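Participant:
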Amino acid sequence: MRRFVAFALSTSLLVTPLLFSRDAAAFCRTTTESGTSQACAQTGKPVFWRNACVGYKLNESASAKVTLAETTTVTGNAFASWSALSCGTAGPSISAVNIGTTKSSTIGYDQASGATNENIIVYRDGDWPYADQSQVALTTLTYRKDTGELLDADMEVNATLKLVPADPIPSNGFDLLTVFTHEAGHFLGLAHTDVPKATMFASYDPGTVDQRTQKQDDVDGICAAYPSSGSRPTAAGSVAADKCDP
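First residue of the sequence shown? That's 4 in the working numbering, and the numbers climb one at a time after it.
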């Protein structure tokens, strides 16, 4: 069994933590106090994208195991699956848009004046650069500590594993659609749930595809973060989403 990991970085001054109450459902949102713990944070402000859509770029080199074309298809399907969920009267008021490729493989947010920041998706073909070699992928979020508004999100995928971009998935293979659908949830601000087989469950068994399809717990999470009304429920109250500007 392998673990998915979400990692949060802070880019601004600390504030006094606020209690963030979870609904009765088991879904969990990343907050400004989530840190590197796999437990669901009960304090801090929930993170969110203010815009109605957010752009991402694929590293142009892709992987020796997965082509750029395959990655384009799988990531597009992964993000689209979240947008296609029903929040009652309509879908969640957030979408992700592929805005091209990039040469960059640098993770994180550059706070320098005039810096160009990109939300990137990159494979790590060489040694996985983190201590936990059981990680399938890792998403790094950068957000405003005072509000929870997301500023940047970057995905890294462990390409030392047997990544499989299309069916059938062998018993020792890692379904890339499952991986990217899970990481897309982190990209949008969801944390790990304790509901087994949910897309946002922390663990993945090679050869399986159950988690590529969102469960009710995942639906509840994305709809809580991005209601179809277009609002953004925050710790300070509801705010309206900005226009789509990826």
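Heads up, the beta-carbon is just placed ideally off N, CA and C, and yes, glycines get one too.
Note that this is a predicted model, so its numbers are computed, not measured.
Distance, Cα to Cα, Ile-110 vs Asn-62?
Facilitator: Position 107 of the sequence shown, counting from 1, holds the residue named residue 110. Position 59 of the sequence shown, counting from 1, holds the residue named residue 62. Going from the Cα of Ile-110 to the Cα of Asn-62 covers about 11 Å.
Participant: Need the endpoints of the beta strand (DSSP E) that Gly-240 sits in, please.
Facilitator: Taking the sequence shown and counting its residues from 1, the one referred to as residue 240 is at position 237. Segment 240-243, the beta strand (DSSP E) holding Gly-240.
Participant: Terminal residues of the continuous alpha helix (DSSP H) containing Asn-80?
Facilitator: Position 77 of the sequence shown holds residue 80. It spans 71-86 - the alpha helix (DSSP H) in which Asn-80 sits, taken as one unbroken run.
Participant: Can Asp-155 and Asn-101 be called in contact, C-beta distance under 7 Å?
Facilitator: As a first step, residue 155 must be located in the sequence shown, where it is residue number 152. As a first step, residue 101 must be located in the sequence shown, where it is residue number 98. Not closer than 7 Å, so no.
Participant: Tell me which residue opens and which closes the beta strand (DSSP E) that Leu-141 is part of.
Facilitator: Counting from one through the sequence shown, the residue named residue 141 turns up at place 138. Note, Leu-141: beta strand (DSSP E), 138-146.
Participant: Which stretch, first to last residue, makes up the alpha helix (DSSP H) that contains Gly-224?
Facilitator: Numbered from its first residue, the sequence shown carries residue 224 at position 221. Per DSSP, Gly-224 belongs to the alpha helix (DSSP H) from 219-228.
Participant: Could you compute how far the alpha carbon of Pro-230 sits from the alpha carbon of Gly-58?
Facilitator: As a working note, residue 230 is residue 227 in the sequence shown. As a working note, residue 58 is residue 55 in the sequence shown. For Pro-230 and Gly-58, the distance between alpha carbons rounds to 20 Å.
Participant: Measure the C-alpha to C-alpha separation of Val-139 and Ala-244 and round it to an integer number of angstroms.
Facilitator: For the purposes of this step, residue 139 is identified with residue 136 of the sequence shown, where counting begins at 1. For the purposes of this step, residue 244 is identified with residue 241 of the sequence shown, where counting begins at 1. Near 32 Å, if we compare the C-alpha coordinates of Ala-244 and Val-139.
Participant: What would DSSP say about Phe-177, mapped onto helix, strand or coil?
Facilitator: Taking the first residue of the sequence shown as position 1, residue 177 is located at position 174. Phe-177 falls in the strand class under three-state DSSP.
Participant: Return helix, strand or coil for Gly-117, following the three-state DSSP convention.
Facilitator: As a working mapping, residue 117 is identified with position 114 in the sequence shown. It is coil, neither helix nor strand.
Participant: Could you name the residues that DSSP lists as bridge partners for Tyr-126?
Facilitator: The residue you call residue 126 lines up with position 123 of the sequence shown. The partner list for Tyr-126 (beta bridge, DSSP) reads Val-160.
Participant: Is it right to say Ala-239 is buried, meaning 16 or more other beta carbons lie within 10 angstroms of its own, or is it exposed?
Facilitator: Residue mapping note: residue 239 aligns to position 236 of the sequence shown, counting from 1. Exposed is the call here.
Participant: Excluding the five sequence neighbours on either side, which residues of its own chain have a C-beta within less than 7 Å of the C-beta of Asn-159, listed in chain order?
Facilitator: Here residue 159 is taken as the residue at index 156 of the sequence shown, counted from 1. What sits at residue 159 in the sequence shown is Glu, not Asn. Only Ile-110, Val-125, Arg-127, Ala-140, Leu-141 meet the Cβ criterion.
Participant: Which whole-angstrom value describes the C-beta separation of Leu-88 and Val-222, a residue pair presumed to lie in contact below a C-beta threshold of 8 Å?
Facilitator: In the sequence shown, the residue the question calls residue 88 occupies position 85. In the sequence shown, the residue the question calls residue 222 occupies position 219. Yes, they are in contact, since the Cβ atoms of Leu-88 and Val-222 sit about 5 Å apart, within 8 Å.
Participant: Exposed or buried, what is Ala-115 when buried is set at 16 or more other beta-carbons lying within 10 Å of its beta-carbon?
Facilitator: Start at 1 with the first residue of the sequence shown, and residue 115 comes out as number 112. Exposed: under 16 other Cβ atoms inside 10 Å.
Participant: To which residues of the same chain is Thr-35 closer than 6 Å at the C-beta, ignoring the five residues directly before and after it?
Facilitator: Looking up residue 35 in the sequence shown gives position 32. So the qualifying residues of the chain are Gly-47, Lys-48, Lys-148, Gly-151.
Participant: If we count the other Cβ atoms within 10 Å of its Cβ and call it buried at 16 or more, is Ala-228 buried or exposed?
Facilitator: Position 225 of the sequence shown holds residue 228. Classification for Ala-228: buried.
Participant: Start and end of the beta strand (DSSP E) containing Val-57?
Facilitator: Mapped onto the sequence shown, residue 57 falls at position 54. Per DSSP, Val-57 belongs to the beta strand (DSSP E) from 56-62.
Participant: Taking Cβ to Cβ, would you say Thr-33 is nearer than 7 Å to Ala-194?
Facilitator: Reading the sequence shown from its first residue, position 30 is the one you call residue 33. Reading the sequence shown from its first residue, position 191 is the one you call residue 194. The answer is yes: Cβ separation under 7 Å.
Participant: Give the secondary structure of Glu-186 by DSSP, where H, G and I count as helix, E and B as strand, and everything else as coil.
Facilitator: Within the sequence shown, numbered from 1, the residue matching residue 186 stands at position 183. Residue state, collapsed to three classes: helix.
Participant: Here's the rule I'm using: 16 or more other beta-carbon atoms within 10 Å means buried, otherwise exposed. How should Pro-173 be labelled?
Facilitator: Taking the sequence shown and counting its residues from 1, the one referred to as residue 173 is at position 170. That one is exposed.
Participant: Taking Gly-94 as the reference, which of Asp-248, Thr-237, Gly-224, Ser-241 has the closest Cα?
Facilitator: Within the sequence shown, residue 94 is the residue found at index 91, counting from 1. The option with the nearest alpha carbon to Gly-94 is Gly-224.
Participant: Look at the alpha carbon of Thr-75 and the alpha carbon of Asp-208, and state the distance between them as a whole number of angstroms.
Facilitator: Numbered from its first residue, the sequence shown carries residue 75 at position 72. Numbered from its first residue, the sequence shown carries residue 208 at position 205. Straight-line Cα distance between these residues: approximately 24 Å.
Participant: Between the alpha carbons of Pro-132 and Thr-92, how many angstroms are there, rounded?
Facilitator: Residue 132 sits at position 129 when you count from the first residue of the sequence shown. Residue 92 sits at position 89 when you count from the first residue of the sequence shown. Between Pro-132 and Thr-92, the C-alpha separation is close to 43 Å.
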